[in-house]
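Participant: Chains as they are written, first to last, in the working numbering: chain A, 102 to 362; chain B, 102 to 362; chain C, 102 to 362; chain D, 102 to 362.
4 protein chains.
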Amino acid sequence: MSINAVVWNENVHETHNKIVGDLYPKGIHGAIAGALNAAGGISATTATLQDDEHGLPAERLAKTDVLLWWGHAAHGDVEDAVVERVAEAVWAGMGLIVLHSGHFSKIFKRLMGTPCNLTWREAGERERLWVTSRNHPITAGLPDHFELENEEMYGEPFGIPEPLETVFISWFQGGEVFRSGATWRRGAGNVFYFRPGHETYPTYFDANVQQVLANAVRWAHNPAARITDVTDAPNIPVERACEPITARGAKLHTDGEDGFR
Amino acid sequence: MSINAVVWNENVHETHNKIVGDLYPKGIHGAIAGALNAAGGISATTATLQDDEHGLPAERLAKTDVLLWWGHAAHGDVEDAVVERVAEAVWAGMGLIVLHSGHFSKIFKRLMGTPCNLTWREAGERERLWVTSRNHPITAGLPDHFELENEEMYGEPFGIPEPLETVFISWFQGGEVFRSGATWRRGAGNVFYFRPGHETYPTYFDANVQQVLANAVRWAHNPAARITDVTDAPNIPVERACEPITARGAKLHTDGEDGFR
Amino acid sequence: MSINAVVWNENVHETHNKIVGDLYPKGIHGAIAGALNAAGGISATTATLQDDEHGLPAERLAKTDVLLWWGHAAHGDVEDAVVERVAEAVWAGMGLIVLHSGHFSKIFKRLMGTPCNLTWREAGERERLWVTSRNHPITAGLPDHFELENEEMYGEPFGIPEPLETVFISWFQGGEVFRSGATWRRGAGNVFYFRPGHETYPTYFDANVQQVLANAVRWAHNPAARITDVTDAPNIPVERACEPITARGAKLHTDGEDGFR
Amino acid sequence: MSINAVVWNENVHETHNKIVGDLYPKGIHGAIAGALNAAGGISATTATLQDDEHGLPAERLAKTDVLLWWGHAAHGDVEDAVVERVAEAVWAGMGLIVLHSGHFSKIFKRLMGTPCNLTWREAGERERLWVTSRNHPITAGLPDHFELENEEMYGEPFGIPEPLETVFISWFQGGEVFRSGATWRRGAGNVFYFRPGHETYPTYFDANVQQVLANAVRWAHNPAARITDVTDAPNIPVERACEPITARGAKLHTDGEDGFR
């Protein structure tokens, strides 16, 4: 049974900028979905900012194993309710892969709890990604390093929480470095950030990049049934305690009432 | 030079519930500030929900080394703008200690990026806290374990990101366990969550609890000057690159313009 | 294709102690291998201290996807050469699951770099394991907590490095807690420690324990080809540098020579 | 009261190689100790391989707050008993700072539990270290990045366990990257690895490097009293259990006897 991946893209540059439109005639989302569908074992569809509910209604998220997210110019246009819905889906077990300028997306900042800022330069310089965690599932089939001849530079310090694992670190021609591949777990959801992917370069047609994305989808997929009560804080009454106890002392709450939130 | 600590409390139960009011006549904030001031090397003041800007205007936060946060019934009444201001202060280097029911505070959920939920029971049962990180600064002067005869139970699973370090784990009489002391770093700010402190019990008068809080203030204090541009994402133009490079390829941005956010 | 698991046991108590021998007539290794073989997708065999090379010659380790390790009375009898061979296999990608009193095995201490000590009591008391990482692969099919009516107690502080993820925490009837399930990565190898399993109790016949072990084998399995040069530190000569550089300054080494170790 | 630092050096190249001898007339250990003593609040002495017990008898380690370690050509000549003694001191609370080629020292490999290997090139190329954890204590007083015009290259993948925190990442002129500053905790001891310091370059006279080392000594210092029973695994008899319990079930051990190791 294949993994259901949804590639979300704001889809703005493709329709407003001729360079990007010519480079990605099916959109960045279309290019990525095409690569994932060709990788085997993954069934990828797309969603964009312009779709109703940004293409991410609750019933679709419920069936999405892994969501990929590309945004840049229109982070502010993403509705907060959809961001919260995606966050809850991640906590409940949906995988999330945040791409490139998605570092400043509402959903990434929401899940990290940090500014997610960095330094940057758009100069088409050479980027070389080094694997820092040998034989990590996300590096399957990759050499120890690979190059992208033209990329935007992102530089440290990168305003993220310490990753669970650092998988790639990039070298840039202009002298910077960057933690280009990093993982976190948020609730039952696996989160991966992958740096490359500036819209004016053909990054998403690169074979190594496509390999990383397919690997990451497989890694992020949590096959467990989605958690349904993901933000609940259940009261465990005295009579249902694992060990027999007797209530003592002063109480603020009456039995069985909901806690404050 | 002493560490400036501010003890924030929603101060609701103290004024609305006779049990709590009698137990903490100066408020939970007053009890904690008193203990910190007696500990040596710490200068503690208080702030409450009812104060103007909740007692946390920008100029006060700028001088606060470590903020302690107690809330329960009124999490929803804390203004989002103040929450965001506190988050930025943490990223810039202010320490934050979140207490007990503060697990559901806006600021803790904001910095964790997770639901921060748990199970609970108000039965005045025995809690025993075990040190899991020997000689961690937060455990200075403490035995390997200590007890609170009456406490509210909080049980796992606790909906937090994997901590940087787990410092305390609690045993409860009714059969549950809980990661009662855990650390994270968010930007330049040290964050510590400490579980005990239900408002109907004299927890904040316990000598071991007071020791933990004083230790935690010292641990959370980052003496470095506060970061001023904590969410900035500066452009590094080609001519200021560390290594000489020439711009190549298609560009979306004109030189020196701000990036999208 | 099934996962090749090898269950290693020192196999001492089974042959020297009537209680243990009667409880585990096929040995602890036999009981565990039986459970794994019944779980589906796993092909489990056994090895013991008494076998030639402790049953772990290089060619067998090369084909072992995941090794499980139970030892207690005879840690000191395990040959250092075999320990080092197992360590290299782990770094190269073999999974390792260390069981109960294996906390003091040479291989666990070797991979952790810490004392791996704890407190203990053999009183047949109740243990309750709580899941702390919801829907972690190692918890598949398990409830939020499960009990073992009779177990040895292990208590914190547990002398381990901070885990990558804490998956289970135990509550003990006598008042202690313990991080009973924890993960690390060492090189390309996934390592899991699982606490229960005292030899005088029927722990390895418990359905939940068997579920954890099967889950852990699947989680620890790294399908990537084993790394062959796992301790090499290759010299990258100037003429093979990714970027053109010219050697400068004083040199200690001549070109292409091996580094010091 | 100042922090007692001991700078350990194998002191081989200085006496066998004219370039190194001329560059470091007081030895690398002398240069580092000099810088630490000039930094304020640190009292640094030195020890070398050639000293009796390598200059690290038990009574000296007991009074050492932080040990710095430089080795390269003679890792194999360090006695195992001294390595184990140092490991125990770290677990008990002594800080340890491992420098440059010390990545292959017995003590670093012992504490990491991994191969600690890397790629390398001695070409006097430019290294630029980027701070990845803003305002971390180890970065106090440093700019966001600094350069060493001539250094040996160390490249990823670096065979270490995932660090607690990654503090520096290096960019190399020849195209590689490296996690040049990383922290771990082992028992009560803080461990920091710092990459630069090839013996044929004047790295330890660089002001930024000296600042890092002084910062690291202050960060690694654990002021708590040294743990005395750091590898003990105490039995807690039934009658001393925190909660009243009665022993049940079959027993392997008689009361109060030592556990197996």
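From the three backbone atoms N, C-alpha and C, an ideal C-beta is built for every residue, glycine too.
1) So is C:THR267 in contact with chain B if we call contact Cβ pairs under 9 Å?
2) Figure out for me which residue from A:ASP166, A:VAL121 and A:THR215 has the closest Cα to the Cα of A:HIS173.
3) Should the segment 250-265 of chain C be called in touch with the segment 347-354 of chain B, which here means at least 3 C-beta pairs below 8 Å?
4) By DSSP, does A:ALA163 sit in helix, in strand, or in coil?
5) For C:PRO238 and chain B, any beta-carbon pair shorter than 9 Å?
6) Using alpha carbons as the reference points, say which of A:THR284, A:THR146, A:ALA342 and A:HIS322 lies closest to A:THR233.
7) Determine the direct distance from the alpha carbon of B:GLU226 to that of B:GLU250, and round the result to whole angstroms.
8) Comparing the C-beta of C:TYR302 with each C-beta of chain D, is any distance below 9 Å?
9) Is the Cβ-Cβ distance between C:GLY386 and C:TYR294 less than 9 Å?
10) Could you check which residue in C:GLY156, C:PRO244 and C:GLY196 has the C-alpha nearest to that of C:VAL179?
11) Decide yes or no for the touch test of the segment 162-169 of chain C against the segment 320-332 of chain C: beta carbon pairs closer than 8 Å, at least 3 of them.
12) Given a cut-off of 9 Å, decide if D:TRP192 and C:THR215 are closer than it, judged by their beta-carbon atoms.
13) Taking the straight line between their C-alpha atoms, what separation do you get for D:GLY131 and B:ASN138?
14) Output needed in chain order: residues of the segment 311-343 of chain A with a Cβ under 9 Å from some Cβ in chain C.
15) Starting from the C-beta of A:PHE205, find all residues in its chain whose C-beta is less than 7 Å away, skip the five residues before and the five after it, and write them out in chain order.
16) Which residues in chain D sit within 8 Å of A:PRO258, going by Cβ to Cβ distance?
17) Would you mind telling me which residues of chain B sit closer than 7 Å to A:ILE129, beta carbon to beta carbon, in chain order?
18) Please give me, in chain order, every unbroken run of the beta strand (DSSP E) with length at least 3 that falls completely inside the segment 179-208 of chain B.
19) Please decide whether B:ARG286 counts as near chain D, where near means a Cβ-Cβ distance under 9 Å.
20) Note down the Cα distance separating C:ASP152 from C:ASN112, rounded to an integer number of angstroms.
21) Is DSSP giving A:HIS237 helix, strand or coil here?
22) Counting only Cβ pairs nearer than 9 Å, list the residues of chain B close to C:GLU277.
23) Would you mind sorting D:ASP307 into buried or exposed? The rule is 16 or more other CB atoms within 10 Å of its CB.
24) Evaluate D:HIS117 with the Cβ neighbour count: other Cβ atoms within 10 Å of its Cβ, from every protein chain shown; 16 or more gives buried, anything less gives exposed.
25) With distances taken from CA atoms, which of A:ALA106, A:ILE143, A:VAL313 and A:ILE129 is nearest A:PRO244?
26) Within a Cβ cutoff of 8 Å, which residues of the same chain sit near A:GLU189, ignoring the five residues on either side of it in sequence?
27) Can you list the residues of chain C that A:ALA241 reaches, using a CB-CB cut of under 9 Å?
28) Indicate the three-state DSSP secondary structure (helix, strand or coil) for D:VAL218 in the structure shown.
29) Residues bridged to D:LEU243 by DSSP?
30) Less than 9 Å separating the beta-carbons of C:ILE198 and C:ILE143?
31) Taking C-alpha atoms, which residue in A:LEU230, A:LYS127, A:ALA224 and A:PRO158 lies nearest to B:PRO338?
32) Is D:GLU266 near A:TRP272, with beta carbons less than 9 Å apart?
33) At which residues does the alpha helix (DSSP H) containing A:THR48 begin and terminate?
34) Where does C:LYS119 land, buried or exposed, given buried means 16+ other C-beta within 10 angstroms?
35) What did DSSP end up calling D:ARG229 once you bin it into helix, strand or coil?
36) For D:GLY360, collect the residues of the same chain with a Cβ closer than 8 Å to its Cβ; drop the 5 residues on either side in sequence, then sort them by chain order.
Facilitator: According to the structure shown:
1) yes
2) Per the Cα distances, A:VAL121.
3) no
4) Three-state DSSP puts A:ALA163 in a helix.
5) Taking 9 Å as the threshold, the shortest C-beta distance from C:PRO238 to chain B does not fall below it.
6) A:THR284
7) 7 Å
8) yes
9) This structure does not reach residue 386 of chain C, given that chain C is present from 102 up to 362, and the question cannot be answered.
10) C:GLY156
11) yes
12) yes
13) 44 Å
14) Listed in chain order, the positions of the segment 311-343 of chain A with a beta carbon within less than 9 Å of a beta carbon of chain C are ASN323, PRO324, ALA325, ALA326, ARG327, ILE328, VAL331 and CYS343.
15) Once the five neighbours on either side are set aside, the close Cβ partners of A:PHE205 are HIS176 and CYS217.
16) TRP231, VAL232, THR233, SER234, ARG235 and ASP245
17) Those do not exist, as A:ILE129 stays about 13 Å from chain B at its closest Cβ, beyond 7 Å.
18) 196-200
19) yes
20) 10 Å
21) coil
22) ARG229, TRP231, HIS246 and TRP272
23) buried
24) exposed
25) A:VAL313
26) VAL331 and THR332
27) Neighbours of A:ALA241 on chain C, chain order: PRO324 and ALA325.
28) Correcting the residue identity first, residue 218 of chain D is Asn in this sequence and not Val. Coil, per DSSP.
29) Residue pairing by DSSP places D:LEU243 opposite no residue, since no beta bridge is assigned to it.
30) No, they are not a contact pair.
31) A:ALA224
32) no
33) Nothing about residue 48 of chain A can be read from this structure; chain A reaches only from 102 to 362.
34) exposed
35) Reduced to three states, the DSSP call for D:ARG229 is strand.
36) ALA334, ASN336 and HIS354
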